[in-house]
Each structure stands twice: as structure tokens, then as C-alpha cells.
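Reviewing the structure listed below.
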Amino acid sequence: MTSDQLFRSIKAGDIRPAYVFYGPEVYVRDRAVAALRQKLLPEGLEQLNENLFDSAASAVDLMDAAETLPLMGERRLVIVRSWAALGARGDSAEIERFIKWLENIPETCCLVFVNADAPDTRKKLTQALKSKAEWVEFALLSDADLLRWCAREVRPLGHTIRPEAVEQLVFMTGRALTAISLELDKVCAYAGDREEITREDVEAVVTPGTECTVFQMIDCLMKGQSGRAQTLLKNMLENGETRIGTLAMLTRQLRMLTHIRLLRAQGQTLPEIERKLSLNHYAATRAADQAGRFTAEGLEAGYKACVDADYAIKSGRVRDVAALDRLMIQLSAMK
């Protein structure tokens, strides 16, 4: 079942006794849980008809909660987040009992498992859930869906948003709707009474995410703006990013740029590269533009410098501060 199908079924009152929610799109996933709450829980009695469990919950706790009759309502909502049993090796006697219990889930409950990733379906427990629960994936939205979502979000506030503004917003914040939603509120406030939101509005007020900042750092280094690159690095570190984390993102970015440059040299089109590297169109376009300013040899040398810096730190030969400083100098010499 897709998330759109889930919302339609909740609205229609067609609610299953058990669900497995998984995927990286936390914003939509949380909205789905909120929709179930609104549909199932009588107003004023929400806390009496809902049970919340964390990863350490026992199967007995879940069964007891699910079998408790709701108060002045038709269904009890039982939510389990990141349940450890779904990732544990082997199945205990308690889990075996839970698997048998799943054969006859009470009609008076709605049991929802919420996970960041899809549980391993090779396990007996997850196989049982696969047959008895409705699985719903909350994947990150595609470019087209993000454009529609942003347009829908700003419409009640009296705004429209240009496609290039959405592209810039996604580039600066990433694809997670939680971050996009927060920044979109800022952009709408900045636009004020003006109807159309432009790319310039986004650039004026949106706080760049770490991946965007790394992209900008490489841009500055290749333009000889070492001072600006160092300022961006300092801002990232002050905002909680580690040097090891920054190095990992630099390595990832240089690896992607190297792949793109080599594939373009082989005559492959941008759509072909997007599919091969699993990139969205806007990210691929920006990366291809950046990669095109370097030679393939220069990018390979930059990528190798990142790998060497990582090895030097992890082998204990160089401290992370010195390694990252030296890497920034090496990247500024890329051609």
C-alpha cells in the first residue's frame, strides 16, 4: 500500500487491524499516525484509548494493550516505535506466542509498528507481519511530487511557488519534508503580500543544509576562494558537524562528481547518468555543471585525497584537524 492509498483508506474508515510503517519520509509518516489518531480516538479520551511503546517493549505488553477494550470508542490504537524484536536474531518463546496471536488480532485494536527501515522479511516474525499487517512505505518524494506538495502547502497562505524556487529549496535543505516545511514557512513570511515565491526568496532566507554547504565549499575551493570555504567549514563545525562527518560528505561529493565526469566523457546523457547513479534531476544537473569545470584527472585526484585523509585519520597517523586542513589545501589545487 502506498501512503496516498493509506490516507484515502483512513478517510473512508477502512482501517486494518495492523500496520507496518517504514521509510525515511518522517513528516508524512507522522501525519499518517496523526490521521489514525483523529479517526480512531474519541475526542477528550485520546490518552485512555492509546498505548505508546518504544523499542524495549515486550510482546506480552503489546498483546495485553491490544486486547484491552477501548473506552467509549470502537478501536484502541497501539503504536510501537523501532521495536527491537523486529531486528533481533532468532525468535524467543514469547515471540513465537506473539506470532500465533497475530493469527487473530482483536478487531477492537489497531496495532501500528513504526520503523525507519523495512524490517528484515527473512525472519519468521516479519513474515508473519507481512501476511497479517498492511505494510506502508514512506519514501522520499520524487521531484514532481515535491513540486506539487510545495504548491499545495503555500496555496492556503495566498502564495504560488515557481518550479525553480522548489528546486533551490530542495537543493538547500535536502528532500525530507520536515526540513522543507520549516523553511517554506520562513519563505512565505519573507514573501509577505507578494503572491509568487521566487528562487531569490529561497536564497535570501533558507538555511543551507550540510550537503548544500559541502557543495558550496567545493565551489569556493575551485574558484580559489579558500577563505570563504574555510568560513563555511567553520560554520558547519559550530553547528555540530564533526570533521569526520564533513570528510565523509566531501568524499561522497567528490566520488559522485568523478563518476559524472567519467560517464559524460564516455558520451552518456544526463538522464542515463541520473538512472545509473540514482540521482534526482536537479541534483544531477547541479553536480554535472560543477563536475564539468574540472578535468577527470583533477576530480580523481581530489577523490583520492579524500580517501587518503580518511585512512590517515583512522590509522592514527594524523589527527582529524590537520588532515582536514591539509585536504582543503589539496582540493583548492584541483584543476
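Heads up: the sequence shown runs through residues 778 to 1112, numbered per my numbering.
In this text, a Cβ means the ideal position worked out from N, Cα and C, and glycines have one as well.
Exercise. How should V889 be labelled, buried or exposed, when 16 other C-beta atoms within 10 angstroms of its C-beta is the threshold for buried?
Worked result: buried
Exercise. Does the separation of the CB atoms of L961 and T990 fall below 9 Å?
Worked result: no
For this session: Report yes if the C-beta distance between Y799 and E914 is below 9 Å; otherwise report no.
Result: yes
For this session: Run the CB neighbour count on P847, radius 10 Å, all protein chains shown included, and call it buried at 16 or more, exposed below.
Result: buried
Problem set entry | Beta-bridge pairing of L813 - partner residues as DSSP gives them | L813 is not bridged to any residue.
Exercise. Can at least three beta-carbon pairs, one atom from the region 888 to 902 and one from the region 851 to 867, be found at a separation below 8 Å?
Worked result: yes
Exercise. Can you name, in chain order, every residue of its own chain whose Cβ lies under 6 Å from the Cβ of R952, other than the five neighbours on each side?
Worked result: For R952, the CB contacts under 6 Å within the same chain, skipping 5 residues up- and downstream, are L917 in chain order.
Exercise. Relative to the alpha-carbon of L822, which residue among R853, L839, A812 has its alpha-carbon at the smallest distance?
Worked result: R853
Problem set entry | Simplified DSSP assignment, three categories, for L888 | strand
Exercise. For Q1045 versus A1082, is the C-beta distance shorter than 9 Å?
Worked result: no
Exercise. Taking Cβ positions only, does A865 come closer than 9 Å to chain D?
Worked result: In summary, chain D is missing from the structure at hand, where a single protein chain is found.
Exercise. Buried or exposed: V982, going by 16 or more other Cβ atoms within 10 Å of its Cβ?
Worked result: exposed
For this session: Measure the Cβ-Cβ separation of V803 and L954 and say whether it is below 9 Å.
Result: With respect to L954, V803 sits close: the two C-beta atoms are nearer than 9 Å.
Exercise. Does DSSP put F948 in a helix, in a strand, or in coil?
Worked result: helix
Exercise. Where does I882 sit, in a helix, a strand or coil, going by DSSP?
Worked result: coil
Problem set entry | Backbone secondary structure at L1056 - three-state DSSP | coil
Exercise. Anyone know if the C-beta pair for A1065 and R1041 falls short of 9 Å?
Worked result: Yes. Within cutoff.
For this session: Determine the contact status of G1079 and M1033, defining contact as a CB-CB distance below 9 Å.
Result: For the 9 Å CB-CB criterion, G1079 and M1033 do not form a contact.
Exercise. DSSP state of N1016, grouped into three classes?
Worked result: coil
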